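Okay, so here's the structure we're looking at.
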Amino acid sequence: MQMPQPNASVIALKDQLAARLRSVMPADAVITDIAETRAYECDGLSAYRCPPLLAVLPASTQEVSDILRICHDMGVPVVPRGSGTSLAGGAMPTADSVILGVARLNAVLETDYADRIIRVQTGRTNLSVTGAVEAEGFFYAPDPSSQLACAIAGNIAMNSGGAHCLKYGVTTNNLLGVTMVMMDGTVVEIGGGHLDAPGLDLLGVICGSEGQLGVVTEATLRILHKPEGARPMLIGFDSNAVAGACVSDIIKAGVLPVAIEFMDRPCIVACEAFAKAGYPDCEALLIIEVEGSDAEIDHQLALIGEIAARHNPVEVREARDADQAARIWLGRKSAFGAMGQINDYMCLDGTIPVTELPHVLDRIRQMSAEYGLDVANVFHAGDGNMHPLILYNANLPGDLERCEEFGAAILKLCVEVGGCLTGEHGVGIEKRDLMHVQFNAADLDAQMAVKDVFDPGWLLNPAKVFPLDASESHRAA
Amino acid sequence: MMPTSEDELSGMIRDASGPISVQGGGTRGVFADGQALSTAGLNGITLYEPGALTLVARAGTPLSEIESSLAAEGQRLAFEPTDMRALLSTSGAPTIGGIVATNASGPRRIQVGACRDHLLGVRFVDGAGNIVKNGGRVMKNVTGYDLVKLLAGAHGTLGVMTEVSLKVLPLPQAVATLSIPDLDAAQAVAAMSAALGSPYDVTGAAWADGAAIVRLEGFSDSVAYRADRLAEELMQFGAVTIGDVDWSAVRDARAFAGLPGDVWRVSIRPSAMPAMVSAIRADGDVQVMADWGGGLLWVLCAAGRDLRTSITSGHATRVRGDASAAIARFHPEPAAVAALSRGLRQRFDPRGILNAGVMG
Ligand SMILES: Cc1cc2nc3c(=O)[nH]c(=O)nc-3n(C[C@H](O)[C@H](O)[C@H](O)COP(=O)(O)OP(=O)(O)OC[C@H]3O[C@@H](n4cnc5c(N)ncnc54)[C@H](O)[C@@H]3O)c2cc1C
């Protein structure tokens, strides 16, 4: 991974910078000790590491503003950080940058059940947003698997999704407003409790901008009342193609499940060995969850069962109660853990048109043979967001590189069939250099124009998202 | 000008010597000075995959064509695009480009989201003639910055869209509307909030003619079940009847069509709506109705009145009124936000020729 040469003159400013930062915030919130800054050297993409120049942990929007103003004055790059669970290296520091962690900004500022909104500081974890409203029967819909750890800040920056986004949408569809601090320290309020923008939809472009346009300190989120109930169904098939066709038919039939999860044989086998969920021995399985009252759930599952029956399933299992539901989800939920047990793995995140599923899975299988690396597939089938897990051995020289090449080949395939490089994890550093595959120079220039307007000095979250050759002239301007 | 290809459009914009007024169907009352540029030549559905819930169409495609293709497969544009012809006394055929450019979203906004939430990708030509694509045709996509949202609702000021791809959804088997008559603003908001805060998946909640109306959609048995349950919960607000209501009239604020005066849309938190209605009434004669559970207020007021002087939260857009009056269509933004918007316009349209002045 090529990163720009750290700026030695910025590194030389370390002590002076720390002193200025300590003049605007408590001393313990400015971390300069190398043993301690190491805690921030990577995020969930742990193959890449680099300790930052220093780290700051502000406790208010004002402190964030002060920090950014100082860094702006001194020309120091800033990398915003939530909980550090990014799988794309989005929160990875550079040696000449300040990590600005929002973990101390974790308060609930307002809940309003009549207006169905909650306003939080963005260091709050995703799950604890739901935690704050569930006593009243409400929840915050986007539910990344990392929801216990990841922060709303990171969710907004990555426009994170979750298992239930087929029905409820991803972060951007559930975000109503933000307080954001610009790189020069200016605080802007965008959106709020109302549903549309008075002018250009700035909120829409801030969400998913990977920490490069400003530091988001507060957010207004849409909350919803929980459904009366939810239950999954498990259907096993003897081929990926048939399972894929079944997904298409369910969607065409007008049933809109909240989740359709897909696992292929390698994944089923690994999960079975790890979690012993009692999954059938088959080539592919779907876990489909629907919501409503008991009668509504029965009706929808019956419809899905009918559709599945036309595809000769090897097994159909309908959860009758919470215990059976938990067993159906058990294997799926432990998929990443199961993979981690047997191997090092790299988790991809491309999206394809649902109709291309069988073709893409076939190609991945062929490529797996060519590269000599196993791959297991587990993904959100309803929306075509794939998560191929490539297994490799980190201790074997050259294996990581081969794995990355294989990964890049799969992502190129996703783009080729009409999809994209990343469905929910973001570009970060991981997919930065693949952006040329999906976008031409004009496409990238248009995106970088936004960056130029929000952060003219290109100091926020440097060297991410845009290929360095493409961004060079913008950074120099 | 009426380009028939993206390249031709790009050339026209690059070579333009003055302002350009971008026209789709011309039904939404968005008119800029300058040479007219029609999207009518950029026409047709280019891809429709019912099994993937996606439709791609060129920007000038009439909505009616899209709707009939979707209906044939039992699907629809779930964000319920508005039809402004009656209200604005315009004629012509609404195009998908015009809908996206104005982010035109109806009552179902509160449940499935706005047009921008269903927009998966765009192709557009910016003010310098560059052809740009963003997003794509898949449901989940976080690759690079989301210019798709930025283009939705930009009223043609950042670029001329040539193609849009949209998420579509199944048509429901059944629809039912619960009505409670004779409610004032505060009672109506309370009833709508109760309905929207229930588990029954309400797809519309409006207040018109003094009645709160709440819509349910889905499979027949399910709609019947939820309608009964919700009726029980809403009884505390008044007598509940269950029946059919023409939601397109709500969607298009058709009650104000043909009546004299200016029309405004006020976007607010529902809980702020009753006090705002009082304030607006105190400052002059008006008719009001609400959509989005009280979060969207439609106001008919005397011509030339600046409704913004009565508004203390949210924002107000004047959708009908004398264009030459000093009142801007859009609510002024705070200085720091306005600077960002201005900066973006300068970058996407350096000469300021695309629908100049339409957004202020
Ligand atoms: C086991 C596991 C499962 C996962 N499952 C999912 C999943 O199902 N769906 C999914 O979408 N993702 C998933 N992820 C990825 C990750 O959890 C998400 O991207 C998450 O949103 C990151 O949140 P974070 O708080 O950890 O952010 P970080 O990792 O700290 O940062 C992510 C990005 O946000 C930026 N950022 C952080 N704070 C701010 C701020 N205040 N202002 C502006 N920018 C900021 C950072 O600069 C960085 O670019 C998973 C990760 C793991 C490890």
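Heads up: the sequence lines are chains L and Z, in that order.
Position 218 (the first sequence) corresponds to 218 in UniProt numbering; numbering is contiguous.
Position 157 (the second sequence) corresponds to 157 in UniProt numbering; numbering is contiguous.
Each residue gets a CB set at the ideal place from its N, CA and C atoms; glycine is no exception.
Here the structure is a predicted model, which is why all the values come from computation and not from measurement.
Non-local beta-carbon contacts of Ala174 of chain Z in its own chain, meaning distances under 6 Å to residues more than five positions away in sequence, involve Ser220 and Val223 in chain order. Neighbourhood of Leu307 of chain Z in chain L, by CB distance below 7 Å: empty, with the nearest CB roughly 13 Å away. The alpha carbon of Asp433 of chain L has as its nearest neighbour, out of Z:Thr143, Z:Asp252 and Z:Val189, the alpha carbon of Z:Thr143.
With contacts defined as CB atoms closer than 7 Å, Ala381 of chain L and Ala259 of chain L fail to qualify as a contacting pair. Using a CB distance cut-off of 7 Å, Lys133 of chain Z counts as an interface residue toward chain L.
Contact between Ala253 of chain L and Ile297 of chain L does not hold, since the beta-carbon distance rounds to 16 Å and is not under 8 Å. Non-local C-beta neighbours of Gly98 of chain Z in its own chain, meaning closer than 6 Å and more than five positions away in sequence, comprise Gly24, Gly25 and Arg28, ordered along the chain. Between Arg123 of chain Z and Glu80 of chain Z the beta-carbon gap is near 24 Å, outside 8 Å, which marks them as no contact. For the C-beta of Asp117 of chain Z, the chain L residues within less than 8 Å are, from N- to C-terminus, Gly169, Thr172 and Asn173.
At least one CB of chain Z lies nearer than 7 Å to the CB of Lys252 of chain L. In this structure, Ile328 of chain L lies near Leu234 of chain L, with their beta-carbon atoms less than 7 Å apart.
For Leu147 of chain Z, the CB stays at least 6 Å from every heavy atom of ligand 1.
Glu315 of chain L: member of the beta strand (DSSP E) spanning Glu315 to Glu318, first to last residue.
Under the 7 Å criterion on CB atoms, His315 of chain Z is classed as interfacial with respect to chain L. Taking 3 residues as the shortest admissible run, the region 275 to 346 of chain L contains the following complete beta strand (DSSP E) segments, listed from N- to C-terminal end: 284 to 291 and 315 to 318. A straight-line Cα-Cα distance of about 46 Å links Pro58 of chain L and Val263 of chain Z.
From the listed residues Z:Tyr225, Z:Arg251, Z:Arg345 and Z:Gly321, the smallest Cα separation to Ser89 of chain Z is found for Z:Gly321. Using a Cβ-Cβ cut-off of 8 Å, Gln447 of chain L is close to Asn134, Gly144, Tyr145 and Leu147 of chain Z, given in chain order.
For Thr122 of chain L, the Cβ falls inside the 6 Å cut-off from some heavy atom of ligand 1. Distances taken from the Cβ of Met183 of chain L to the heavy atoms of ligand 1 include none shorter than 6 Å. Under a criterion of Cβ atoms nearer than 8 Å, the residues of chain L adjacent to Ala52 of chain Z are, in order, Ser248, Ile251, Pro353, Val354, Thr355 and Gly384.
Per DSSP, reduced to three states, the secondary structure at Ile353 of chain Z is coil, with no helix or strand assignment.
DSSP lists L:Thr351 and L:His380 as the bridge partner or partners of Asn385 of chain L. Taking CB atoms only, Val450 of chain L has a neighbour in chain Z less than 7 Å away.
In this chain, the beta strand (DSSP E) harbouring Cys301 of chain Z covers Leu296 to Cys301. Using a CB distance cut-off of 7 Å, Tyr113 of chain L counts as an interface residue toward chain Z. From the beta-carbon of Lys464 of chain L, no residue of chain Z is found nearer than 9 Å; the closest lies around 11 Å away. With respect to the C-alpha of Ala279 of chain Z, the residue from Z:Thr309, Z:Arg76, Z:Thr241 and Z:Arg269 having the closest C-alpha is Z:Thr309. In the same chain as Ser193 of chain Z, and ignoring 5 residues on each side of it, the C-beta atoms closer than 7 Å to its own belong to Pro270 and Gly293, in chain order. Scanning its chain for C-beta atoms nearer than 7 Å, with the 5 sequence neighbours on each side dropped, one finds around Gly236 of chain L the residues Pro280, Cys282, Leu285, Pro313, Val314 and Glu315, in chain order. If you look at Arg251 of chain Z, you'll find it in the alpha helix (DSSP H) that goes Trp247 to Arg251. The residues Val30, Thr32 and Leu54, in chain order, have a CB closer than 8 Å to that of Ala18 of chain L in the same chain once the five nearest residues on each side in sequence are set aside.
The closest CA to that of Ile288 of chain L, considering only L:Gly418, L:Asn106, L:Ser248 and L:Phe274, is found on L:Ser248. With a threshold of 7 Å between beta carbons, Leu234 of chain Z makes no contact with chain L. The beta-carbon of Asn355 of chain Z is placed no less than 7 Å from the nearest beta-carbon of chain L.
At a C-beta separation below 8 Å, Asp221 of chain Z has these neighbours in chain L: Ala295, Glu296 and His299.
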